[in-house]
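Numbering (the working numbering), first residue to last: 170 to 404. Each residue gets a CB set at the ideal place from its N, CA and C atoms; glycine is no exception.
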């Protein structure tokens with residue numbers, strides 16, 4: 170979120186949009202493409218905002234002490250998630266920011282799932298089915314963070330596979346696998362977490378807690394690598 174605010178927000182505020190191309194993009198700033206550039210910048214900036222708004226929703230204290238703020242922030246999250254997803258579809262299928270068939274399919278499925286779970290989260294909240302609402306909202310939040318999971322997944326895969334001589338570039342099968350795993354794996358882990366929470370036995374809870382601990386360390390390592398190689402060099 171900090172990188173998005175500093176890099177995209179900074180260049181957006183000073184009007185130097187050409188500087189956005191200092192960081193590699195599939196399709197970055199294109200002189201004269203007003204619609205494409207607007208969609209590109211909105212997608213990037215709102216992507217940071219939707220992560221921030223969603224993270225606030227996870228705080229139990231917010232729900233207990235300021236339920237009205239929780240509701241309005243939740244509405245903000247759902248609306249921005251829709252906008253980010255639709256601009257992502259536009260950039261991929263209209264502007265042509267594509268990496269290949271496998272990547273396009275992964276991005277599109279991710280986006281369709283976001284739309285579906287955003288709708289389910291809104292409907293379950295309206296029906297005051299808060300148990301279902303929590304699950305759908307968590308799924309939507311993980312899915313909108315798929316791009317972040319993709320970046321740390323690429324770096325983790327590179328650290329593990331590069332010594333074995335396996336390349337992880339945008340044309341490789343490994344990249345396509347990581348692309349699908351960037352949203353499929355978090356969803357699967359969330360389902361385990363929710364099922365363990367409903368289980369009366371302590372075993373599933375301990376096993377899930379151990380798994381979450383391992384994945385948290387992996388996420389920390391991938392985030393540190395992304396900070397070092399993908400973000401700090403461009404600030």
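- Non-local beta-carbon contacts of residue 321 in its own chain, meaning distances under 6 Å to residues more than five positions away in sequence, involve 391, 392, 395 in chain order.
- Ranked by Cα distance from residue 217, the options 234, 254, 343 are led by 254.
- Our two residues, residue 337 and residue 271, have alpha carbons roughly 14 Å apart in a direct line.
- Distance check between residue 173 and each of 209, 200, 239, 204 places 209 closest, using alpha-carbon atoms only.
- A direct Cα-Cα distance of roughly 8 Å separates residue 387 from residue 325.
- The DSSP-derived three-state label of residue 242 is helix.
- Per DSSP, residue 263 is not a residue of any alpha helix (DSSP H), being assigned neither H nor E.
- When 191, 184, 297, 182 are compared, the shortest CA-CA separation from residue 402 is found for 191.
- Each residue's CA atom was taken as its position, placing residue 206 and residue 249 some 18 Å apart.
- Looking at the backbone, the Cα of residue 211 and that of residue 256 are separated by about 8 Å.
- Of the candidates 277, 275, 304, the residue whose Cα lies closest to the Cα of residue 288 is 304.
- If the five residues before and after residue 307 are omitted, its C-beta is found closer than 7 Å to the C-beta atoms of 359, all from its own chain and listed in chain order.
- For residue 254, the three-state secondary structure derived from DSSP is helix.
- Shown here for residue 361: same chain residues with a beta carbon closer than 6 Å to its own, the five before and five after excluded, namely 377 in chain order.
- Note on geometry: alpha-carbon atoms of residue 231 and residue 246 lie some 15 Å from one another.
- Excluding residues up to 5 positions away in sequence, 222, 225, 226 lie with their Cβ nearer than 7 Å to the Cβ of residue 242 in the same chain.
- The continuous alpha helix (DSSP H) containing residue 351 extends over residues 342-367.
- Ranked by Cα distance from residue 195, the options 383, 355, 266 are led by 266.
- Listed in chain order, the non-local C-beta contacts of residue 177 below 6 Å within the same chain comprise 213, 214, local neighbours out to five positions each way being set aside.
- Here the alpha carbons of residue 290 and residue 371 stand approximately 29 Å from one another.
- Between residue 351 and residue 279, the gap from beta carbon to beta carbon is short of 9 Å.
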